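Asker: Submitted below is the structure of interest, expressed as structure tokens.
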Amino acid sequence: DAKTTQPNSMESNEEEPVHLPCNHSTISGTDYIHWYRQLPSQGPEYVIHGLTSNVNNRMASLAIAEDRKSSTLILHRATLRDAAVYYCEKTSYDKVIFGPGTSLSVIP
Amino acid sequence: GAGVSQSPSNKVTEKGKDVELRCDPISGHTALYWYRQSLGQGLEFLIYFQGNSAPDKSGLPSDRFSAERTGGSVSTLTIQRTQQEDSAVYLCASSPGGNIQYFGAGTRLSVL
Chain A
24 DAKTTQPNSM ESNEEEPVHL PCNHSTISGT DYIHWYRQLP SQGPEYVIHG
74 LTSNVNNRMA SLAIAEDRKS STLILHRATL RDAAVYYCEK TSYDKVIFGP
124 GTSLSVIP
Chain B
10 GAGVSQSPSN KVTEKGKDVE LRCDPISGHT ALYWYRQSLG QGLEFLIYFQ
60 GNSAPDKSGL PSDRFSAERT GGSVSTLTIQ RTQQEDSAVY LCASSPGGNI
110 QYFGAGTRLS VL
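Protein sequences, first through last, are from chains A and B.
Just so we're aligned, residue 24 is where the first sequence starts under my numbering, counting upward by one.
Just so we're aligned, residue 10 is where the second sequence starts under my numbering, counting upward by one.
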């Protein structure tokens with residue numbers, strides 16, 4: 024979906040916070056926003072999801088813009104194990120639309 | 010508990026042959042999804058099942074692709090007359106309610 028966009032890559036130093044953005048300009052009122060991450064040679068792994076309010080879990084935080092057309096995944100302290108490709112995703116009716124993914128590199 | 014299981018993990022086939030890819034979802038999960046991931050690319054949604062029915066098949070790339078799900082459990086993705094551009098990792102995911110998806114490790118298909 025050309026209207027779901029993410030930066031191709033980002034870099035972070037270890038132990039620093041990381042903000043991974045996603046623009047989903049065609050989102051509708053009932054679409055949940057999910058984030059997944061994928062390590063090399065593995066299937067994607069669920070990280071977090073939300074609808075309108077900001078969300079926190081043990082892995083990350085999710086900040087959702089008031090108009091819901093963008094969201095930001097926040098890793099509070101990046102570790103080397105957080106190096107992965109991060110995908111935002113929205114589900115519209117019977118279709119699932121993933122963003123192109125952001126490859127996160129963590130520098131020791 | 011057991012996660013989503015996909016078989017085979019790797020499949021090498023000759024151009025023009027048919028292939029069947031299998032997905033065993035987590036027990037009790039009603040929703041099942043198929044995706045294609047070409048080398049170095051993102052996830053391309055193919056099809057979604059709620060129970061045994063797929064409301065929308067328009068994500069399938071061509072009429073050579075078909076999918077079915079029986080008994081609300083196992084699903085097979087069939088590719089007929091494979092082409093080299095079908096080479097990719099095919100991922101399956103299941104979900105208890107169409108929300109959080111749990112992915113398998115995928116089937117890597119290579120068409121020679």
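No residue lacks a Cβ here, since even glycine has one placed at the ideal position from N, Cα and C.
The structure displayed is predicted, hence computed values, not measured ones.
So G124/A is in the beta strand (DSSP E); what residue range does that whole segment cover?
Answerer: Careful: G124/A lies outside any beta strand (DSSP E) and carries neither H nor E.
Asker: With distance defined between alpha-carbon atoms, name the residue in I56/A, E38/A, L43/A, M33/A nearest to S115/A.
Answerer: Minimum Cα distance to S115/A is reached at I56/A.
Asker: Touching or not, the segment 102 to 111 of chain B and the segment 31 to 51 of chain B, by the rule of three or more beta carbon pairs under 8 Å?
Answerer: Cβ pair count under 8 Å is three or more, so yes.
Asker: Going straight from the alpha carbon of A86/A to that of Q29/A, what length do you get?
Answerer: If you take the alpha carbons of A86/A and Q29/A, they lie about 15 Å apart.
Asker: Determine the extent of the beta strand (DSSP E) in which R31/B is found, giving its start and end residues.
Answerer: Start and end: 28 to 33.
Asker: Closest to P67/A by CA distance: which of E77/B, I109/B, P17/B, S119/B is it?
Answerer: Closest by alpha carbon: I109/B.
Asker: With 7 Å as the limit, tell me which residues of the segment 69 to 80 of chain A have their beta carbon closer than that to any beta carbon of chain B; keep them in chain order.
Answerer: Answer set for the segment 69 to 80 of chain A: Y69, H72.
Asker: Whole angstroms are fine: how far does the CA of H99/A sit from the CA of L127/A?
Answerer: Going from the Cα of L127/A to the Cα of H99/A covers about 14 Å.
Asker: Hey, how far is the Cα of R117/B from the Cα of S67/B?
Answerer: Going from the Cα of R117/B to the Cα of S67/B covers about 23 Å.
Asker: I want to know whether the segment 38 to 53 of chain B touches the segment 92 to 102 of chain B - three or more CB-CB distances under 8 Å.
Answerer: The segment 38 to 53 of chain B, when compared against the segment 92 to 102 of chain B, does touch it at the 8 Å Cβ threshold.
Asker: Over what stretch of residues does the beta strand (DSSP E) that includes N46/A continue unbroken?
Answerer: Element bounds for N46/A: 41 to 47.
Asker: Nearest-angstrom Cα distance between G134/A and K24/B?
Answerer: There is no way to answer for residue 134/A, as the model of chain A reaches only from 24 to 131.
Asker: My guess is that R78/B and F58/B are in contact by the Cβ rule of under 8 Å, so how many angstroms apart are they, rounded?
Answerer: About 5 Å; that satisfies the 8 Å criterion.
Asker: Compare the C-beta of A76/B against all C-beta atoms of chain A and say whether one is closer than 9 Å.
Answerer: No, because no Cβ of chain A sits closer than 9 Å to the Cβ of A76/B.
Asker: Let me check one thing: in DSSP terms, what residues is K24/B bridge-paired to?
Answerer: Beta-bridge pairing links K24/B to no other residue.
Asker: Going by DSSP, what residue range makes up the beta strand (DSSP E) through T87/B?
Answerer: Per DSSP, T87/B belongs to the beta strand (DSSP E) from 84 to 88.
Asker: So which residues of chain A does N108/B contact, with C-beta pairs closer than 9 Å?
Answerer: Near N108/B (Cβ distances below 9 Å), the residues of chain A are Y55, H57, H72, T114.
Asker: Could you give the DSSP three-state label for E94/B: helix, strand or coil?
Answerer: Helix, per DSSP.
Asker: Use the C-beta contact count for K113/A: other C-beta atoms within 10 angstroms, 16 or more gives buried, fewer gives exposed.
Answerer: K113/A comes out buried.
Asker: Considering only the alpha carbon of each residue, which of L96/A, Q65/A, S48/A lies closest to I71/A?
Answerer: The residue with the shortest Cα to Cα distance from I71/A is L96/A.
Asker: Closer than 9 Å, CB to CB, is L86/B near chain A or not?
Answerer: Not an interface residue.
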